[in-house]
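*Asks:*
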Ligand SMILES: Cc1cc2nc3c(=O)[nH]c(=O)nc-3n(C[C@H](O)[C@H](O)[C@H](O)COP(=O)(O)O)c2cc1C
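Numbering (the numbering used here), first residue to last: 18 to 338.
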């Protein structure tokens with residue numbers, strides 16, 4: 018399936034989010050209408066060393082299609098070898114991470130550090146494109162810092178190297194996740210390349226999705242934090258962009274039911290011991306903004322079993338009746 022075909026079938030993709038957008042979350046978002054999903058970033062070095070964790074991160078289930086595997090690294094050969102190995106997991110495409118700001122990644126030359134080395138970035142894209150017969154996409158930021166906004170150059174180089182689409186998170190590395198999103202740079206990238214451009218940054222509902230599309234002229238959009246504890250945001254975006262329908266957030270009972278289903282899936286895939294610990298943050302996101310959220314959050318931070326979470330959900334429900 019090529020990227021144009023994938024994006025013609027929906028409005029928004031789920032962003033790659035390490036430690037968050039795992040199989041359980043990706044499956045849920047797919048069910049709620051995400052047009053495609055992207056794996057948590059996988060280290061190309063880890064893949065080349067046959068590291069078990071990297072292999073697990075690349076697994077894609079039938080319930081989360083179309084899906085990309087995202088890889089990071091700073092060496093063209095290692096990245097190309099990782100892209101080839103990723104094919105074992107049958108991704109619909111490979112995405113290259115050129116946006117991660119984390120010192121552990123960027124400090125080793127990968128992720129957003131590639132924004133500072135456009136020639137190397139281009140070589141990496143070319144190496145991956147030549148190594149695999151599925152589309153290769155690239156995810157960039159606006160630049161390293163406000164004095165080096167170079168997303169247009171990066172995007173042009175990625176396109177020249179054969180990238181099938183470019184996602185632009187409209188923030189610099191230095192901004193990390195702080196506002197504002199630079200919509201102008203996404204617009205400039207869209208005007209500079211012919212491959213699809215995917216706009217990313219602070220989309221949280223139908224209205225912000227429409228703004229991203231209309232202001233930047235982008236071909237598609239990607240949602241990250243706006244989906245945390247709110248996987249139904251894709252339904253809301255799809256409805257709004259189809260005919261202007263504003264779907265409200267689900268009522269409390271439904272919200273809690275989705276939370277429990279999500280966290281049961283995490284526990285099923287990772288085992289309850291690891292799963293419930295990883296799930297605490299998700300549970301906290303689901304109850305964000307509700308009456309008494311702060312004290313429920315404290316309880317959630319200490320849960321050790323699915324049963325404890327179910328009992329918290331019961332108390333929340335009772336306080337809403
Ligand atoms: C917890 C977390 C983990 C992330 N991990 C990745 C990652 O693995 N790869 C990547 O390209 N971007 C990653 N990102 C960045 C997101 O994909 C996205 O570009 C960013 O959050 C901006 O979009 P948003 O405003 O919709 O959240 C991560 C973001 C968050 C919040």
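Quick reminder that beta carbons are idealized off the backbone N, C-alpha and C, glycines included.
Does DSSP classify residue 260 as helix, strand or coil?
*Replies:* By one-based count along the chain shown, residue 260 stands at place 243. Helix, per DSSP.
*Asks:* Would you mind working out which of 21, 25, 47 sits nearest residue 279, comparing C-alpha positions?
*Replies:* Taking the first residue of the chain shown as position 1, residue 279 is located at position 262. It is 47.
*Asks:* Should residue 69 go down as buried or exposed, given a rule of 16 or more other Cβ atoms within 10 Å for buried?
*Replies:* On the chain shown, position 52 is the one that residue 69 refers to. Answer is exposed; the Cβ neighbour count stays below 16.
*Asks:* Please name the residue or residues paired with residue 239 in a DSSP beta bridge.
*Replies:* The residue given as residue 239 occupies position 222 in the chain shown. For residue 239, which the question treats as bridged, DSSP gives the partners 30, 217.
*Asks:* Mind checking which residues open and close the alpha helix (DSSP H) that includes residue 173?
*Replies:* For the purposes of this step, residue 173 is taken as the residue at position 156 of the chain shown. Unbroken alpha helix (DSSP H) run through residue 173: 168-177.
*Asks:* Whole angstroms is fine: what's the gap from residue 261's alpha carbon to residue 252's?
*Replies:* Here residue 261 refers to the residue found at position 244 of the chain shown. Here residue 252 refers to the residue found at position 235 of the chain shown. Cα-Cα distance, rounded: 12 Å.
*Asks:* Residue range of the beta strand (DSSP E) that residue 67 falls in?
*Replies:* Stepping through the chain shown from its first residue, residue 67 is reached at position 50. No beta strand (DSSP E) holds residue 67; DSSP gives it neither H nor E.
*Asks:* Counting only runs of 4+ residues fully inside the stretch 97-128, write out the alpha helix (DSSP H) ranges in chain order.
*Replies:* 120-123
*Asks:* According to DSSP, which residues form a beta bridge with residue 130?
*Replies:* On the chain shown, residue 130 is found 113 positions in, with the first residue counted as 1. In DSSP, residue 130 forms no bridge with anything.
*Asks:* What do you get for residue 49, buried or exposed, if any count of 16 or more other CB atoms within 10 angstroms of its CB means buried?
*Replies:* Against the chain shown, residue 49 aligns to sequence position 32. By the neighbour-count rule (16 or more Cβ atoms within 10 Å), residue 49 is buried.
*Asks:* Take residue 211 and list the residues in its own chain whose beta-carbon comes closer than 8 Å to its own, dropping the five residues that flank it on each side.
*Replies:* To locate residue 211, count along the chain shown from 1; it is residue 194. 176.
*Asks:* Going by the C-beta, is residue 168 closer than 7 Å to any heavy atom of ligand 1?
*Replies:* Counting from 1 along the chain shown, the entry for residue 168 is found at position 151. Incorrect: residue 168 has no Cβ contact closer than 7 Å to ligand 1.
*Asks:* Check whether the Cβ atoms of residue 152 and residue 19 sit closer than 8 Å, and answer yes or no.
*Replies:* The residue labelled residue 152 in the question sits at position 135 within the chain shown. The residue labelled residue 19 in the question sits at position 2 within the chain shown. Yes, the pair counts as a contact, with Cβ atoms nearer than the cut-off.
*Asks:* Please list, in chain order, all residues of the same chain as residue 305 whose beta carbon is under 8 Å from its beta carbon, the five residues on each side excluded.
*Replies:* Position 288 of the chain shown, counted from the first residue, corresponds to residue 305. If we look at residue 305 and ignore the five residues flanking it on each side, its Cβ neighbours are 246.
*Asks:* Going straight from the alpha carbon of residue 308 to that of residue 112, what length do you get?
*Replies:* Stepping through the chain shown from its first residue, residue 308 is reached at position 291. Stepping through the chain shown from its first residue, residue 112 is reached at position 95. So the two alpha carbons sit approximately 40 Å from each other.
*Asks:* Would you say the beta carbon of residue 84 comes nearer than 7 Å to a heavy atom of ligand 1?
*Replies:* Position 67 of the chain shown, counted from the first residue, corresponds to residue 84. No; taking the cut-off as 7 Å, the Cβ of residue 84 has no heavy atom of ligand 1 nearer than that.
*Asks:* DSSP three-state label for residue 87, please.
*Replies:* Looking up residue 87 in the chain shown gives position 70. Strand, per DSSP.
*Asks:* I'd like the span of the alpha helix (DSSP H) that includes residue 182, first residue to last.
*Replies:* The count along the chain shown starts at 1 and reaches residue 182 at position 165. The continuous stretches of alpha helix (DSSP H) do not include residue 182, which lies in the beta strand (DSSP E) extending over residues 182-189.
*Asks:* Classify residue 294: buried if its beta carbon has 16 or more other beta carbons within 10 angstroms, exposed otherwise.
*Replies:* Numbered from 1 along the chain shown, position 277 holds the residue referred to as residue 294. Residue 294 is exposed by the Cβ-count criterion.
*Asks:* Rounded to whole angstroms, what is the Cα-Cα separation between residue 302 and residue 181?
*Replies:* As a first step, residue 302 must be located in the chain shown, where it is residue number 285. As a first step, residue 181 must be located in the chain shown, where it is residue number 164. Distance between the alpha carbons of residue 302 and residue 181: 34 Å.
*Asks:* If you run the structure through DSSP and keep just helix, strand and coil, what is residue 36?
*Replies:* For the purposes of this step, residue 36 is taken as residue 19 along the chain shown, with counting starting at 1. In this structure, residue 36 counts as coil in the three-state DSSP scheme.
*Asks:* According to DSSP, residue 254 sits in a beta bridge with which residue or residues?
*Replies:* Numbered from its first residue, the chain shown carries residue 254 at position 237. Answer is none; residue 254 lacks a bridge partner.
*Asks:* Just checking residue 33 against ligand 1 - is the residue's beta carbon closer than 7 Å to any of the ligand's heavy atoms?
*Replies:* Working through the chain shown from its first residue, we reach residue 33 at position 16. Residue 33 Cβ: within cutoff of ligand 1.
*Asks:* Is DSSP giving residue 71 helix, strand or coil here?
*Replies:* Position 54 of the chain shown holds residue 71. In the structure shown, the three-state DSSP call for residue 71 is helix.
*Asks:* Along the chain, where does the beta strand (DSSP E) that runs through residue 272 open and close?
*Replies:* As a working mapping, residue 272 is identified with position 255 in the chain shown. Per DSSP, residue 272 belongs to no beta strand (DSSP E); it is in the alpha helix (DSSP H), 269-287.
*Asks:* Out of 51, 106, 292, 98, which one is the CA nearest neighbour of residue 74?
*Replies:* Counting from 1 along the chain shown, the entry for residue 74 is found at position 57. The option with the nearest alpha carbon to residue 74 is 106.
*Asks:* Nearest CA to the CA of residue 229: which residue from 248, 198, 131, 244?
*Replies:* One-based indexing of the chain shown puts residue 229 at position 212. Cα-wise, what sits closest to residue 229 is 198.
*Asks:* Kindly list the residues whose CB is nearer than 8 Å to the CB of residue 170, restricted to its own chain and excluding five residues on each side of it in sequence; keep chain order.
*Replies:* For the purposes of this step, residue 170 is taken as the residue at position 153 of the chain shown. Taken in chain order, the residues that qualify are 135.
*Asks:* Given 7 Å as the limit, tell me if residue 323 has its C-beta closer than that to any heavy atom belonging to ligand 1.
*Replies:* What you label residue 323 is simply residue 306 of the chain shown in a count that begins at 1. Result no, Cβ not under 7 Å from ligand 1.
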